[in-house]
Structure formats: structure tokens, C-alpha cells
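**Student:** Structure provided below as C-alpha cells; questions to follow.
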Amino acid sequence: MESTAGLRERKKAETRQAVHEAALRLCAEHGLDNVTVEAIADAANISRRTFSNYFAGKEDALLYGDERRIRLLVERIRSRPPEEPAWQALRGAVRDLYSELGDPDVAWAVRARLAKQHPSLLARQLANHAALERDLVQAITDRDGSTDTVRPRVLAAGFLVALRIATHLWTDEQEPRPLQEVMEQVLDQMSAPF
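Be aware that the sequence shown starts at 1367, since it is given in this note's numbering, and climbs by one per residue.
Written as C-alpha cells, this is what we have:
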């Protein structure tokens, strides 16, 4: 029974990924405004109804990769050694994640550029980041065991701002370096005394 459940979950993950990749490709080729849910479903070789089982709309399908990375990042932070200071745990979690997933590809950069241009994507992306910030605050609070409510919020917000700046720098570069290299540079700047 366990192998059947594992196979079912793997197939669901593969379908989600196929829909995400179809959305990414179509939006990069035609622009978000010119792509329908039906076109994404057709490109992913599924029905419109099946699409709706996985995503509420094309924005969700397009940003699925971001949401997946966000969940993985929080998991990696929670799995860091408990004695590690919070800032080092945050940085280590990013390194762990990119060691596991590798550097994002050009398609990811295209999606990031689309998010800058389309308010519907930007709104969804901001909602994802707000949820991530809440999760990071909780992970930092759990790690530190402190009753201080300000420090975890400042750490989480500063960390996310650094990642956002690094991502913007990376997507704006004409000949991009690996994203992890840009993130390390920005995180080093955040750690440096002002």
C-alpha cells in the first residue's frame, strides 16, 4: 500500500511540475496576458478540470517553483543544527538548498522578470513572501527559544530583503553569475558592519 501511495504522490508532483513548466514556457513565449488556463492545460497534456485540481489559476501555476523553493527553504532552516546562531542557520539553509537543487535556470529568471511586469504575478509573489516571512519568524523563534518578538522579525525580514536584492541583481545581469554567488555577496554585505 505504501508503494502505491508513494507512486501516486510522485505522479501528482510530476503533473504539478509539468503544468508549471508549460505555464512558464507559454508565458515566456506569448506573455502572461495572452495565455489561458486552457492553453496551459493543453500544453501539459491534461484537462482543464485536472488543472483546477492542482492550481487555482495561471499565476499559481507559474509561481509554483517559487512556492516549492520557499517550503524547502523553511524545511532546511528547521533542519540546521540547533546550536547554530540564527543568521548562520539562514545562510546555511540557502547553501543547502542550492546544493540540493542547483542554480535556477534561465526559465526561472524569465518568471522573475515577468513578475516585475505583471501586477497579478507580483501580488501573488508578495503574498508568498509574506507567508515565508511568517514561517521564518516562527523558525527563528523556535530555534532561539527566546521571548523576544522583535529580533526574529528583523532577522527574517533582513534575510528576505537580501535574497530579493540578490535575485533582482542576478536577473538584471547581462551575463549572470550563479545566483548562489550573488546571494553570498549580498548576505556578506548584510553581515558587514555599517
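Beta carbons are placed, not taken as given, at the ideal position from N, Cα and C, and that holds for glycine.
As the structure is a computational prediction, the values presented were derived from the model and not from experiment.
Between G1524, P1485 and V1503, which has its C-alpha nearest D1514's C-alpha?
**Tutor:** V1503
**Student:** Quick test of your reading: L1456 and F1560, contact by CB under 8 Å. State the CB separation rounded to the nearest angstrom.
**Tutor:** About 19 Å separates the two Cβ atoms, so there is no contact after all.
**Student:** Could you tell me whether the region 1445-1465 touches the region 1402-1416, where touching means 3 or more Cβ pairs closer than 8 Å?
**Tutor:** Under the three-pair Cβ rule at 8 Å, the region 1445-1465 does not count as touching the region 1402-1416.
**Student:** Roughly how many whole angstroms lie between the Cα atoms of D1462 and L1439?
**Tutor:** 9 Å
**Student:** Please confirm whether P1544 and D1469 have their CB atoms less than 7 Å apart.
**Tutor:** yes
**Student:** Could you give the uninterrupted runs of the alpha helix (DSSP H) lying entirely in the region 1444-1530, keeping only those of 4 residues or more?
**Tutor:** 1452-1467, 1472-1483 and 1485-1510
**Student:** Among E1539, L1529, D1538 and S1557, which has the Cα closest to the Cα of Q1546?
**Tutor:** The shortest Cα separation from Q1546 among E1539, L1529, D1538 and S1557 belongs to L1529.
**Student:** Among A1427, A1522 and R1444, which one has its Cα closest to the Cα of L1390?
**Tutor:** Among A1427, A1522 and R1444, the Cα nearest to that of L1390 belongs to A1427.
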